[in-house]
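Visitor:
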DNA sequence: GAAGCGTATGTTCACGTTAACATCCCGATG
DNA sequence: CATCGGGATGTTAACGTGAACATACGCTTC
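Residue numbers (the working numbering), protein chains in the order written: chain A, 22 to 363; chain B, 22 to 363.
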């Protein structure tokens with residue numbers, strides 16, 4: 022990597038002087054406008070290169086009112102889904118010529134959140150993607166400045182928002198039906214935290230799927246997305262007789278369940294089938310490889326940005342549209358028919 | 022969350038008019054300057070609240086030359102280390118009143134990279150943290166604009182850079198010595214990609230540790246950080262006789278090795294000990310729970326930002342300083358003495 | 001050949017903020 | 001009581017860009 026020499030950054034005026042044109046012409050070249058003579062364009066480009074000119078984004082933003090930046094607000098970078106969604110958002114934003122301003126909210130308390138919102142409020146972004154447990158949005162102290170379009174990645178958000186999310190209900194149904202299809206008479210559920218709408222939707226869909234088949238669901242076991250909580254739930258389940266099928270609300274918790282089953286000497290999948298949700302990269306390398314529900318995080322991120330940028334372009338500030346991205350069942354080695362040979 | 026009404030964003034002039042003061046006084050209140058009468062300050066604050074005034078960061082940046090934003094350039098959001106480092110960076114940046122502009126480089130090809138550098142070049146940031154395989158920095162086409170301080174998170178960067186990184190050599194030595202200390206006569210290594218300095222450093226340190234004990238290291242098995250590549254290496258190792266200890270260059274690959282051992286019926290840790298590197302959150306829930314090297318990613322992120330912000334404050338553009346963050350051996354169930362009972 | 005038109009380029013100004021300087025007022029000081 | 005000092009506040013200008021308007025020139029058309 023080279024570092025250029027010199028200190029003062031050249032402005033349009035400097036380029037204009039060197040090229041012997043007005044700064045407006047430099048502006049036109051810089052923005053690729055059509056009405057510039059080819060010779061002049063070349064002269065200006067040459068001067069830009071000589072001086073190492075770079076447009077000043079602050080001045081540009083001040084003049085145009087556009088920052089070409091979107092904010093992404095999220096609670097944590099520790100869950101697989103958030104990260105992958107962020108990845109998808111960043112990629113699509115970059116494709117559209119937008120930068121991504123990260124606004125993590127370490128702690129979903131109001132104090133912590135206010136800092137992130139200050140950034141937004143300072144109008145440094147043209148719009149925002151909020152990857153956040155939707156309940157937080159209801160806290161009265163959150164105020165978004167007017168005119169900033171928002172897309173929420175969480176189905177729990179109210180009708181005031183434009184929402185993009187994975188079809189949680191579909192995924193949970195696919196997992197549950199897969200297990201029932203293998204002959205299991207009951208499916209135990211290790212749930213995510215009740216503060217998460219995703220977790221709630223998955224649990225509800227699991228419950229509905231069972232009752233639709235005339236099965237009375239056992240109470241779900243509480244979890245908090247971490248593998249450790251899955252392990253605790255798994256130990257509980259391993260102690261009970263008759264547990265043959267477990268659906269964990271994410272892969273990390275499924276991993277914890279697997280560990281608990283191994284420890285207790287319950288063979289997976291011969292005695293107990295285990296399914297997860299997410300299809301994180303490592304899931305195929307669990308022991309046994311995990312049957313799970315694949316979420317298309319890239320699509321969620323992509324769609325969020327597309328919706329957001331179209332709102333930015335239209336100056337649209339409304340909401341209400343809900344887009345669900347379908348899930349896909351991925352069958353691996355952790356699930357099998359009841360009483361199947363080891 | 023509430024959405025304010027109205028469209029046009031109020032400027033300082035609007036606030037000044039309502040409060041009956043000059044816009045300069047509003048500026049002083051906005052920036053917390055001392056020389057403002059308490060009454061006036063209250064009046065202005067009240068007017069700000071009434072109008073929902075938010076400072077325009079573009080104008081502020083244009084005037085002051087400071088963006089209060091740092092750029093983070095990274096190749097991928099798919100490795101645990103990058104994400105956690107990013108998390109640490111974001112947290113520390115936020116503590117210092119700085120925002121984080123994410124500049125992912127989907128593909129470490131020049132074409133892909135240039136977009137990210139354009140952002141930097143457009144001076145939208147006061148400095149940058151580069152989390153990148155350092156070899157890329159040597160590609161001649163990378164040009165950072167003058168005057169932007171940079172901190173590199175990768176020990177492979179040359180002396181021109183300020184570097185913060187985990188002490189890779191220490192960690193690899195800790196893991197290798199742990200296995201040797203358990204009585205193993207040889208330690209096989211599943212390495213990361215040779216394009217990564219971290220991977221190279223870990224492999225070198227593993228090699229040195231063995232030779233220092235008079236052991237001739239077996240050739241390392243190639244990997245690419247993914248659990249799948251660890252699985253391939255593990256299948257290879259499981260086929261060989263005499264393999265009793267494996268040190269994988271990260272936890273994901275260790276997971277793949279574990280799977281391969283399970284599949285081959287080699288008991289871990291009774292027959293084969295496996296150690297990883299990173300201590301990702303899930304490592305404790307692997308089967309068996311993984312002995313690994315804990316990296317303090319939060320510290321790496323924190324230190325990077327601290328170094329960077331002090332350079333920003335000093336207008337310092339130099340390099341050369343290298344800061345290494347120590348690692349810690351975390352012993353769990355995947356390693357044991359040779360021939361230990363199951 | 002005069003009128004009209006389109007293209008290339010220049011000039012002016014405003015975006016919202018803050019540094020620097022100017023002004024004002026009140027109290028202290030001799 | 002005149003002067004000075006200092007804190008509070010106002011005025012001016014400039015940061016770099018790009019939209020709007022202005023100008024200049026060459027070419028077509030009848």
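Each residue gets a CB set at the ideal place from its N, CA and C atoms; glycine is no exception. Everything numeric in this text was worked out from a predicted model, so none of it was measured.
Do residue 106 (chain B) and residue 246 (chain B) have their CB atoms nearer than 8 Å?
Guide: In the second chain, residue 106 (chain B) corresponds to position 85, counting from 1. In the second chain, residue 246 (chain B) corresponds to position 225, counting from 1. Not in contact: residue 106 (chain B) and residue 246 (chain B) (Cβ atoms no closer than 8 Å).
Visitor: In chain A, which residues lie with their C-beta within 7 Å of the C-beta of residue 277 (chain B)?
Guide: The residue labelled residue 277 (chain B) in the question sits at position 256 within the second chain. Ordered by position in chain A, the residues that pass the 7 Å Cβ test against residue 277 (chain B) are 306.
Visitor: When you compare the region 31-45 of chain B with the region 218-229 of chain A, are there three or more beta-carbon pairs, one atom per stretch, that lie closer than 8 Å?
Guide: The region 31-45 of chain B, when compared against the region 218-229 of chain A, does not touch it at the 8 Å Cβ threshold.
Visitor: Answer yes or no: does any C-beta atom of chain A fall closer than 8 Å to that of residue 91 (chain B)?
Guide: By one-based count along the second chain, residue 91 (chain B) stands at place 70. Residue 91 (chain B) does not count as touching chain A.
Visitor: Rounded to the nearest angstrom, what separates residue 75 (chain A) and residue 70 (chain B) at their Cα positions?
Guide: For the purposes of this step, residue 75 (chain A) is identified with residue 54 of the first chain, where counting begins at 1. For the purposes of this step, residue 70 (chain B) is identified with residue 49 of the second chain, where counting begins at 1. Cα to Cα, residue 75 (chain A) sits roughly 37 Å from residue 70 (chain B).
Visitor: For a contact defined as C-beta to C-beta under 8 Å, what are the partners of residue 247 (chain A) on chain B?
Guide: Position 226 of the first chain, counted from the first residue, corresponds to residue 247 (chain A). Correct list: 302.
Visitor: Taking 6 Å as the limit between beta carbons, can you name the residues of its chain near residue 161 (chain A), skipping five residues before and five after?
Guide: Here residue 161 (chain A) corresponds to residue number 140 of the first chain, with the count starting at 1. The pLDDT assigned to residue 161 (chain A) is 39, lower than 50, so where the model puts this residue is not dependable; a value taken from the coordinates is nonetheless given after this. Closer than 6 Å at the Cβ level, and outside the excluded window around residue 161 (chain A), lies no residue.
Visitor: Is the Cβ of residue 88 (chain A) closer than 8 Å to any Cβ of chain B?
Guide: Within the first chain, the letter at position 67 stands for residue 88 (chain A). With 8 Å as the cut-off, residue 88 (chain A) counts as an interface residue toward chain B.
Visitor: Consult DSSP for residue 72 (chain B) and reduce its assignment to one of helix, strand or coil.
Guide: Here the question's residue 72 (chain B) lines up with position 51 in the second chain. Helix.
Visitor: In the DSSP output, which residue or residues are listed as bridge partners for residue 296 (chain B)?
Guide: For the purposes of this step, residue 296 (chain B) is taken as residue 275 along the second chain, with counting starting at 1. DSSP lists B:268, B:312 as partners of residue 296 (chain B).
Visitor: Does the region 273-284 of chain A come close enough to the region 307-320 of chain B that 3 or more CB-CB pairs lie under 8 Å?
Guide: Touching, per the Cβ criterion.
Visitor: In whole angstroms, what separates the C-alpha of residue 56 (chain B) from that of residue 85 (chain B)?
Guide: Walking along the second chain from the start, residue 56 (chain B) turns up at place 35. Walking along the second chain from the start, residue 85 (chain B) turns up at place 64. Computed Cα separation, rounded: 20 Å.
Visitor: Can you check DSSP and say which residues form a bridge with residue 148 (chain A)?
Guide: On the first chain, position 127 is the one that residue 148 (chain A) refers to. Per DSSP, A:91.
Visitor: I'd like to confirm the pairing. Which residues does DSSP put opposite residue 186 (chain A) in its beta bridges?
Guide: Stepping through the first chain from its first residue, residue 186 (chain A) is reached at position 165. Paired residues: A:345.
Visitor: Between the region 319-328 of chain B and the region 110-119 of chain B, are three or more C-beta pairs nearer than 8 Å?
Guide: At 8 Å Cβ cutoff, the stretches touch.
Visitor: Counting only Cβ-Cβ distances shorter than 9 Å, please list the residues of the region 61-84 of chain B near chain A, keeping chain order.
Guide: So the close ones are 73, 75, 76, 77, 78, 79, 80, 81, 82, 83, 84.
Visitor: Tell me which residue opens and which closes the alpha helix (DSSP H) that residue 227 (chain A) is part of.
Guide: For the purposes of this step, residue 227 (chain A) is taken as the residue at position 206 of the first chain. Residues 218-233.
Visitor: When you compare the CB positions of residue 185 (chain A) and residue 344 (chain A), do they come within less than 8 Å of one another, or not?
Guide: Counted from its first residue, the first chain places residue 185 (chain A) at position 164. Counted from its first residue, the first chain places residue 344 (chain A) at position 323. The answer is yes: Cβ separation under 8 Å.
Visitor: Going by the C-beta, is residue 80 (chain A) closer than 7 Å to any heavy atom of the ligand NAP?
Guide: What this structure holds is no ligand at all, so the ligand NAP is not there to describe.
Visitor: Quick one: which chain A residues come within Cβ less than 8 Å of residue 273 (chain B)?
Guide: In the second chain, residue 273 (chain B) corresponds to position 252, counting from 1. In chain order: 302, 303, 306.
Visitor: Quick one: using the 10 Å Cβ neighbour count with 16 as the cut-off for buried, is residue 240 (chain A) buried or exposed?
Guide: Here residue 240 (chain A) is taken as the residue at index 219 of the first chain, counted from 1. Under this definition residue 240 (chain A) is an exposed residue.
Visitor: To the nearest angstrom, report how far apart residue 312 (chain B) and residue 236 (chain B) are at their CA atoms.
Guide: On the second chain, position 291 is the one that residue 312 (chain B) refers to. On the second chain, position 215 is the one that residue 236 (chain B) refers to. So the alpha carbons of these two residues sit roughly 22 Å apart.
Visitor: With H, G and I counted as helix, E and B as strand and the rest as coil, what does DSSP make of residue 203 (chain A)?
Guide: Position 182 of the first chain, counted from the first residue, corresponds to residue 203 (chain A). Residue 203 (chain A) falls in the coil class under three-state DSSP.
Visitor: Count Cβ pairs between the region 285-303 of chain B and the region 350-359 of chain B that sit closer than 8 Å; are there 3 or more?
Guide: Contact holds: three or more Cβ-Cβ distances are below 8 Å.
Visitor: So with Cβ pairs under 8 Å, would you call residue 311 (chain A) a contact of chain B?
Guide: Here residue 311 (chain A) is taken as the residue at index 290 of the first chain, counted from 1. Closer than 8 Å: no.
Visitor: With burial defined as no fewer than 16 other Cβ atoms inside 10 Å of the residue's Cβ, what is the status of residue 244 (chain B): buried or exposed?
Guide: Here residue 244 (chain B) refers to the residue found at position 223 of the second chain. Answer is buried; the Cβ neighbour count reaches 16.
Visitor: Given this structure, state the Cα-to-Cα distance separating residue 300 (chain B) from residue 332 (chain B), to the nearest angstrom.
Guide: Position 279 of the second chain, counting from 1, holds the residue named residue 300 (chain B). Position 311 of the second chain, counting from 1, holds the residue named residue 332 (chain B). Rounded to the nearest angstrom, the two C-alpha atoms are 31 Å apart.
Visitor: Could you check which residue in B:62, B:43, B:151 has the C-alpha nearest to that of residue 95 (chain B)?
Guide: Position 74 of the second chain, counted from the start, is the residue given in the question as residue 95 (chain B). That would be B:151, whose Cα lies nearest to the Cα of residue 95 (chain B).
Visitor: Within 10 Å of its beta-carbon, does residue 180 (chain B) have 16 or more other beta-carbons around it, so buried, or fewer, so exposed?
Guide: Reading the second chain from its first residue, position 159 is the one you call residue 180 (chain B). Classification of residue 180 (chain B): exposed, given that the 10 Å Cβ count is below 16.
Visitor: My parser needs the alpha helix (DSSP H) runs of 4 or more residues fully inside the region 30-57 of chain A; what are they?
Guide: Within the region 30-57 of chain A, the complete alpha helix (DSSP H) runs of at least 4 residues are 33-40, 44-51.
Visitor: Is it right to say residue 263 (chain A) is buried, meaning 16 or more other beta carbons lie within 10 angstroms of its own, or is it exposed?
Guide: Numbered from its first residue, the first chain carries residue 263 (chain A) at position 242. Per the 10 Å Cβ criterion, exposed.
Visitor: Using a Cβ cut-off of 8 Å (strictly closer), state whether residue 231 (chain A) contacts chain B.
Guide: Translated into positions along the first chain, residue 231 (chain A) becomes position 210. It does not; no Cβ of chain B falls within 8 Å.
Visitor: Between the alpha carbons of residue 271 (chain B) and residue 196 (chain B), how many angstroms are there, rounded?
Guide: Within the second chain, residue 271 (chain B) is the residue found at index 250, counting from 1. Within the second chain, residue 196 (chain B) is the residue found at index 175, counting from 1. Their Cα atoms are separated by approximately 11 Å.
Visitor: On the DSSP bridge list, what partners appear for residue 124 (chain A)?
Guide: Translated into the one-based positions of the first chain, residue 124 (chain A) becomes position 103. Bridge partners of residue 124 (chain A): A:94.
Visitor: What is the residue span of the beta strand (DSSP E) that residue 173 (chain B) lies within?
Guide: Counting from one through the second chain, the residue named residue 173 (chain B) turns up at place 152. Start and end: 171-173.
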